[in-house]
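Following full-length UniProt numbering from start to finish, the sequence shown increments by one per residue and tops out at 217.
Built from N, CA and C at the ideal position, the CB exists for glycine as well.
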Amino acid sequence: MSGHGHQHAEEEATAIFEPPAWDERYSGAEKIWSGNPNAQLVAEVTGLTPGTALDVGCGEGGDVIWLARQGWRVTGADFSANGLARAARHAEQAGVAARTDWWQVDARTFAAEGRSYDLVTSHFLHPPDGGMVEVTRRLAGAVAPGGHLLVVGHAPHETFTHLSASHRQAMFLAEDLLPGLPDDFEALVVEQRPRTVTRDGVTVDVDDSTLLARRKS
Numbered sequence: 001m002s003g004h005g006h007q008h009a010e011e012e013a014t015a016i017f018e019p020p021a022w023d024e025r026y027s028g029a030e031k032i033w034s035g036n037p038n039a040q041l042v043a044e045v046t047g048l049t050p051g052t053a054l055d056v057g058c059g060e061g062g063d064v065i066w067l068a069r070q071g072w073r074v075t076g077a078d079f080s081a082n083g084l085a086r087a088a089r090h091a092e093q094a095g096v097a098a099r100t101d102w103w104q105v106d107a108r109t110f111a112a113e114g115r116s117y118d119l120v121t122s123h124f125l126h127p128p129d130g131g132m133v134e135v136t137r138r139l140a141g142a143v144a145p146g147g148h149l150l151v152v153g154h155a156p157h158e159t160f161t162h163l164s165a166s167h168r169q170a171m172f173l174a175e176d177l178l179p180g181l182p183d184d185f186e187a188l189v190v191e192q193r194p195r196t197v198t199r200d201g202v203t204v205d206v207d208d209s210t211l212l213a214r215r216k217s
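Laid out in C-alpha cells, this is it:
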C-alpha cells in the first residue's frame, strides 16, 4: 500500500472513534446490538444493592434497561445523539423510561461536574492511543464514596485480526487500567474473563478485560 493509501485507510479506521460515524451507524432501522445486558455487568452487579448508576457508552441502552429492571435509577451516556434517541425508545418499549435519563457526552472529555453515582459502568469503549486509562480516571471521578466502578473491554486476541491496527491497539488488559484508579479506590477484580461469542455464524472465544473497583467510604 502506498504511503498515501495507507494514511487514508487509517483515517477511515480511526473515524469510527468519533461521533459522526456512530450517528450514521445508529441512523438506520436495524438494531446494531443484541439488546442483552453484557455478561460481566450481570455477573458483578447482580449482588449489589440498587441505587444510582451511570452507564457511559450506553449505545442502544441494553445495559441501562437491564439495570433499571433490577431497580437502579440509571443515566445512560453516549456521544451519539442517534444512539441515545434509540436507547430512550428502547427503554420506553421496555417500560422502564421512568427509571432512566440520558446524557450526551464524550467519555474522553467527560467530567462528573458534581454528579456522583453508586455504580459507574462502561462496556467496550475503546478510545485510541491508550486513552482508556484517562477515561477510567474520568469515570472514577463520578463514583460516590462506597460506590463501584466496572470497566469492561476487549482484550487483544487473535479473533480480532480482521480489525484495523488502530482498533487492535485500542484494546486493553484489565491491569492496563490500574494507573487510572485514584488512590481512594481498591481494585476488587482485575482479570481477563473468557467468553464465547458467535459472529457471522462462527463461534469464537474472546476475553473480556474486567476491572471492578470500589471507592472507599
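Q. Looking at residue 43 and the ligand GDP, is the gap between the Cβ and the nearest heavy atom below 7 angstroms?
A. With respect to small molecules bound, the structure shown includes none, and the ligand GDP cannot be examined in it.
(Q) Comparing C-alpha positions only, which one of 69, 130, 108 and 189 sits nearest to residue 100? (A) Relative to residue 100, the option among 69, 130, 108 and 189 whose CA is nearest is 69.
Q | Spatial distance of residue 47 from residue 128 (CA atoms) | A | Annotation: residue 47 to residue 128 spans about 33 angstroms, alpha carbon to alpha carbon.
Q) When burial is assigned at 16 or more other CB atoms within 10 Å of the CB, is residue 40 buried or exposed? A) So residue 40 ends up on the buried side.
**Q.** Alpha-carbon to alpha-carbon, residue 93 and residue 193
**A.** Cα to Cα, residue 193 sits roughly 32 angstroms from residue 93.
**Q.** Which residues DSSP lists as bridging residue 192, in chain order
**A.** Residue 192 pairs with 209.
Q) For residue 51, which of 59, 64 and 136 has the nearest alpha-carbon? A) The candidate whose alpha carbon is nearest that of residue 51 is 64.
Q: May I have a chain-ordered list of the alpha helix (DSSP H) segments no shorter than 4 residues that lie completely inside the region 82-168?
A: Complete alpha helix (DSSP H) runs here, min 4: 132-140.
(Q) Among the candidates 181, 198 and 174, whose CA atom is the shortest distance from the CA of residue 124? (A) Nearest in C-alpha terms to residue 124, of all of 181, 198 and 174, is 174.
**Q.** Under the three-state DSSP convention, the category residue 76 falls into
**A.** Correct three-state label for residue 76: strand.
Q.
Helix, strand or coil, according to DSSP, for residue 60 in the structure here?
A. In this structure, residue 60 counts as coil in the three-state DSSP scheme.
Q | Neighbourhood of residue 177 by C-beta distance below 7 angstroms, restricted to the same chain and skipping five residues each side | A | For residue 177, where only same-chain residues beyond five positions count, the Cβ hits under 7 angstroms are 132, 133, 136, 151 and 211.
Q | Straight-line Cα distance separating residue 71 from residue 180 | A | Spanning the two alpha carbons is a distance of roughly 29 angstroms.
Q.
Using a 10 Å radius around the Cβ and a threshold of 16 neighbouring Cβ atoms, would you call residue 217 buried or exposed?
A. Exposed, since its Cβ has fewer than 16 Cβ neighbours within 10 Å.
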